[in-house]
Amino acid sequence: MDKHEIQAIIESLLFAAGDEGLNIAQLANVLSLSEEDILTHMTDMKERYLQEASRGIHIVELAGTFQFATKRNLSSYIKRLVESPTNSTLSQAGLETLAIIAYRQPITRMAIEDVRGVKTDRPLQTLVSKGLIKEKGRAEGAGRAILYGTTGEFLDYFGLKDLSQLPSLPDDVQELEGDEETDLFFKTLQNSFTTEEG
Amino acid sequence: MDKHEIQAIIESLLFAAGDEGLNIAQLANVLSLSEEDILTHMTDMKERYLQEASRGIHIVELAGTFQFATKRNLSSYIKRLVESPTNSTLSQAGLETLAIIAYRQPITRMAIEDVRGVKTDRPLQTLVSKGLIKEKGRAEGAGRAILYGTTGEFLDYFGLKDLSQLPSLPDDVQELEGDEETDLFFKTLQNSFTTEEG
Amino acid sequence: MLVNETKKMVIHMEYNVKVEAFEGPLDLLLHLIQGLEIDIYDIPMAEISEQYMLYIRAMNVLELNVASEYLVMAATLLAIKSRMLLPKQEEDWNDEDLSLEEDDPRDELVERLIEYRKFKMAASELKDKEKDRGSFFTKPPTDLSEYESTKQESIEGLEHDLHDLLGAFHKLLRRKKLQRPMSTRITRQEISIDKRMDEILNQLRKKSGLHPFHDLFPIAEKPHMIVSFLAVLELMKRNEVVVHQDENFSEIMVEASKGVTMVG
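If you read the protein sequences in the order shown, they are chains A, B and C.
Counting with the numbering used here, you get residues 4 to 201 for the letters of the first sequence.
Counting with the numbering used here, you get residues 4 to 201 for the letters of the second sequence.
Counting with the numbering used here, you get residues 132 to 395 for the letters of the third sequence.
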């Protein structure tokens, strides 16, 4: 692999990782390169992204992970995008969060983030302030995390009589999720018996 | 704004929008440029990303929007970091039903069943719940049967920009690719009955 | 005969799965036509009917549920076959045209087969596209809520329908997630029954007396609940906890057994 190829791979990996970012070890692992090599490439790439005038994103390093972010000086355009009249919609993040809550309520922020794979504080805040979701109680246990659920406004907004009118999800979604849990259950069960007998 | 600056802004906007994508109108609006100008830049950028060896991402058109996506030839690297996707591929019945809807929309269940020669309730249900098709109105007449059509999710699912990108419907006789196993089955079957009767 | 029958059954069972792989009578007919290398525009009805009936018989032998569509088609095939055997109508004075012109009883069937075959091919092209779509990855939208002006506090002006909601959910499910050391995943996988047993015992001993059963399930995630449940069962078996219930459906109460030493 030449330098260009390696950096193209790194770019695609960082891109796909999104807000989660990747650390040196993960990159080294996927590329089968040493961490030193990766670090050299990262330094080179960081510099290159900063220098190139036609690039709107650059590499930032946060808590040991590298990720792409939009360049700070372009933030006024992002703001325009968010506020543009063509965008009189919830952000995709908001819509996703709302969908998860609608189908899986009551649900904690952590559980939502587990499904989405990204932080969800802000979309939650937005949805609460728009009155589409609200606190429906607290999860049991130490953290006593907030449980979110949809509101009456939510039903009005989507023209639903009640939650049972939500379109049904495909069977395999439920099956898959079920399987994972059942698998874990049986694994745990099996282990517990093995331990006992051993 | 010079060309580099504009393209940097577009890059940052597309990056931020992620798989939600942005259409020409949205980009033109945010940048206060004409749609023609945006189109010129997009063509230029698409080409540039493809050509540059050190780029791991490129611009794709999905469901009427521009989005960044990783380059196809790098997928093996990304798959090393990716969890197995949650949903399975569509069944043959689902694909056939979807093909009929895609090319003949809006279309009723009855009309689909006429083409397939079998009941199609279940595939339809699955496709609706997967968000690939939806009700597009009602047929005139007594039954007021539901008319089905494809969705934006359908385009995204198959990597299409719009419906015009569907491969043209094969209009005539080509040999369907043979299926050796089934052939073997019939030969065996035939022999077994011949033997029996002889 | 019996031996034959048994042998036949064995052969059939092996192909059982394949028998059910046809998408319907049209699919089956297309297969037969191709297998017999027949011209689709000039189908020998006797031959195709025979083959088709063979298939239906096989399904019966296998005691598979023959869908009614297959039987309807069988009847159609036989009807066409017999119509072709009928002596020619007398008013048709030109004998040579008969089998060629629009009176051919096979026309409608051929039309249906050709129409169905188009979509069968289209379906296989879609399948290729489905596969190709799996070879490139997009990213989730960046969370842009920080750019939203805070005064936007109503749902006025928003335009979504249920389909957007469902669409968002599907997009999410389809999104390939990178494996990452997400804290929740790790803690979830690391719960062992032994550890949970220790935790529960400590919890019960901290405050003597009865504890509500549901207090032992602090984390509302299934895996954690399952492990907790198994831990309680194990502790019961070892007589390290005692469980009380006053009556059916009343709250189950748990307490640590007295005079048992800490588990190592």
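Positions of the beta carbon are idealized from the N, C-alpha and C atoms, including for glycine.
message: Under 8 Å, with one C-beta from each stretch per pair, do the region 45 to 58 of chain B and the region 123 to 130 of chain A reach the 3-pair mark?
response: Touching, no, given that fewer than three Cβ pairs across the two stretches are closer than 8 Å.
field: Buried versus exposed call for Pro170 of chain B [16 or more other C-beta atoms within 10 Å across all chains shown]
entry: Around the beta carbon of Pro170 of chain B, fewer than 16 other beta carbons lie within 10 angstroms, which makes this residue exposed.
- request: Determine contact between the region 68 to 78 of chain A and the region 30 to 46 of chain B, defined as no fewer than three beta-carbon pairs at a distance below 8 Å.
  value: Proximity of the region 68 to 78 of chain A to the region 30 to 46 of chain B falls short of the contact definition, fewer than three beta-carbon pairs being nearer than 8 Å.
query: Rounded to a whole number of angstroms, what is the C-alpha to C-alpha distance between Arg51 of chain B and Phe300 of chain C?
result: For Arg51 of chain B and Phe300 of chain C, the distance between alpha carbons rounds to 33 Å.
- prompt: Quick one: does Lys139 of chain A have its CB under 8 Å from some CB of chain C?
  reply: No, Lys139 of chain A lies away from the interface with chain C (no Cβ there is under 8 Å from its Cβ).
query: Residues in the region 91 to 102 of chain A with C-beta within 9 Å of chain C's C-beta atoms, listed in sequence order?
result: Across the region 91 to 102 of chain A, CB contacts with chain C closer than 9 Å involve Ser91, Thr92, Leu93, Ser94, Gln95, Ala96, Gly97, Leu98, Glu99, Thr100, Leu101, Ala102, in sequence order along the chain.
task: Compare the C-beta of Lys49 of chain B with all C-beta atoms of chain C and state if any pair is closer than 8 Å.
output: At a cut-off of 8 Å between beta carbons, Lys49 of chain B makes no contact with chain C.
- request: Quick one: give me the first and last residue of the beta strand (DSSP E) that Leu347 of chain C is part of.
  value: Premise fails: Leu347 of chain C is in no beta strand (DSSP E) and is neither H nor E.
- prompt: Name the chain C residues that come within less than 7 Å of Ile81 of chain B, Cβ to Cβ?
  reply: The contacting residues are Phe268.
- prompt: Could you give the C-beta distance for Lys49 of chain A and Ile62 of chain A, rounded to a whole number, given that I count them as a contact under 8 Å?
  reply: About 5 Å separates the Cβ atoms of Lys49 of chain A and Ile62 of chain A, confirming a contact at the 8 Å cut-off.
- prompt: Just checking, does the region 111 to 120 of chain B make contact with the region 256 to 274 of chain C on the three C-beta pairs under 8 Å criterion?
  reply: Contact fails: fewer than three Cβ-Cβ distances are below 8 Å.
task: Would you tell me roughly how many angstroms separate the C-alpha atoms of Asp165 of chain A and Gly120 of chain A, rounded to the nearest one?
output: Roughly 29 Å between the two C-alpha positions.
Exposed unless 16 or more other CB atoms sit within 10 angstroms - verdict on Asp295 of chain C: Burial call: buried.
message: Less than 8 Å between the C-beta atoms of Leu135 of chain B and Thr154 of chain B, yes or no?
response: Yes, they are a contact pair.
- prompt: Between the C-alpha atoms of Asp238 of chain C and Ile245 of chain C, what's the straight-line distance to the nearest angstrom?
  reply: Whole-angstrom Cα-Cα distance: 11 Å.
field: Neighbourhood of Ser314 of chain C by C-beta distance below 7 Å, restricted to the same chain and skipping five residues each side
entry: Annotation note: pLDDT 32 at Ser314 of chain C (below 50); position unreliable, coordinate value reported separately. Apart from sequence neighbours up to five positions away, no residue of its chain approaches Ser314 of chain C with a beta-carbon distance below 7 Å.
- request: Using beta-carbon positions only, say whether Leu93 of chain A and Leu16 of chain B come within less than 8 Å of one another.
  value: Cβ distance not < 8 Å, so Leu93 of chain A and Leu16 of chain B don't count as in contact.
- prompt: Does Phe344 of chain C get closer than 8 Å to chain B when you measure Cβ to Cβ?
  reply: Not one chain B Cβ lies under 8 Å of Phe344 of chain C.
- request: Report the neighbours of Thr405 of chain C on chain B: residues whose CB is nearer than 9 Å to its CB, in chain order.
  value: Any question about residue 405 of chain C goes unanswered here, given that chain C covers just 132 to 395.
- prompt: Using a C-beta to C-beta distance shorter than 8 Å, which residues of chain B count as neighbours of Phe71 of chain A?
  reply: Within chain B, the residues near Phe71 of chain A are Phe18.
message: Which residues in chain C have a C-beta closer than 8 Å to the C-beta of Arg125 of chain A? List them in chain order.
response: Think of a sphere of 8 Å around the beta carbon of Arg125 of chain A: the chain C residues whose beta carbon falls inside it are Asp274, Ser276, Glu277, in chain order.
query: For Thr153 of chain B, which three-state DSSP category applies?
result: Three-state result, Thr153 of chain B: strand.
Separation of Ile103 of chain A from Arg311 of chain C, as counted between CA atoms: Reliability fails at Arg311 of chain C, whose pLDDT of 45 lies under 50, so the model's placement of it is uncertain and the value that follows must be treated cautiously. As the crow flies, the alpha-carbon of Arg311 of chain C is around 21 Å from that of Ile103 of chain A.
message: For a test of the three-state rule: what should DSSP assign to Leu341 of chain C, helix, strand or coil?
response: Note: Leu341 of chain C maps to coil in three-state DSSP.
Reduced DSSP secondary structure (H/G/I, E/B, other) of Phe161 of chain A: Here Phe161 of chain A carries a coil assignment [DSSP, helix/strand/coil].
query: Within 8 Å (strictly less), CB to CB, does Arg112 of chain A reach chain B?
result: Output row for Arg112 of chain A: interface = no.
query: Does DSSP put Thr207 of chain C in a helix, a strand or coil?
result: Judged by DSSP in its simplified three-state form, Thr207 of chain C adopts helix.
field: Counted within 10 angstroms of its Cβ, other Cβ atoms place Tyr172 of chain C as buried (16 or more) or exposed
entry: By the neighbour-count rule (16 or more Cβ atoms within 10 Å), Tyr172 of chain C is not buried but exposed.
task: Examine the ligand SAM and report whether any of its heavy atoms sits within less than 7 Å of the Cβ of Thr111 of chain B.
output: Because no ligand of any kind appears in the structure shown, any question about the ligand SAM cannot be addressed here.
- prompt: Straight-line CA distance for Leu179 of chain A to Leu185 of chain C?
  reply: Reliability of the predicted coordinates at Leu179 of chain A is poor, the pLDDT of 38 falling under 50, and no value is obtained from them.
query: If you measure from the beta carbon of Gly59 of chain B to each beta carbon in chain F, is any gap under 8 Å?
result: Given the protein chain composition of this structure (A, B and C), no chain F is represented.
query: Hey, which unbroken runs of the alpha helix (DSSP H) at 4 residues or more fall wholly within the region 58 to 136 of chain B?
result: Annotation: the region 58 to 136 of chain B contains the following complete segments of the alpha helix (DSSP H) (minimum length 4 residues), in chain order: 78 to 82, 95 to 107, 112 to 119, 124 to 132.
field: Beta-bridge partners of Leu30 of chain B, as assigned by DSSP
entry: Answer is none; Leu30 of chain B lacks a bridge partner.
- request: Report buried or exposed for Arg188 of chain C, applying the criterion of at least 16 other Cβ atoms within 10 angstroms of its Cβ.
  value: Exposed.
message: Give me the residue from C:Arg327, C:Phe268, C:Asp292, C:Leu293 with the minimum Cα distance to Gly21 of chain B.
response: Measuring from the Cα of Gly21 of chain B, the nearest candidate turns out to be C:Phe268.
query: Rounded C-beta distance between Tyr151 of chain A and Glu143 of chain A? I'm assuming under 8 Å.
result: Incorrect: roughly 16 Å between the Cβ atoms, too far for contact.
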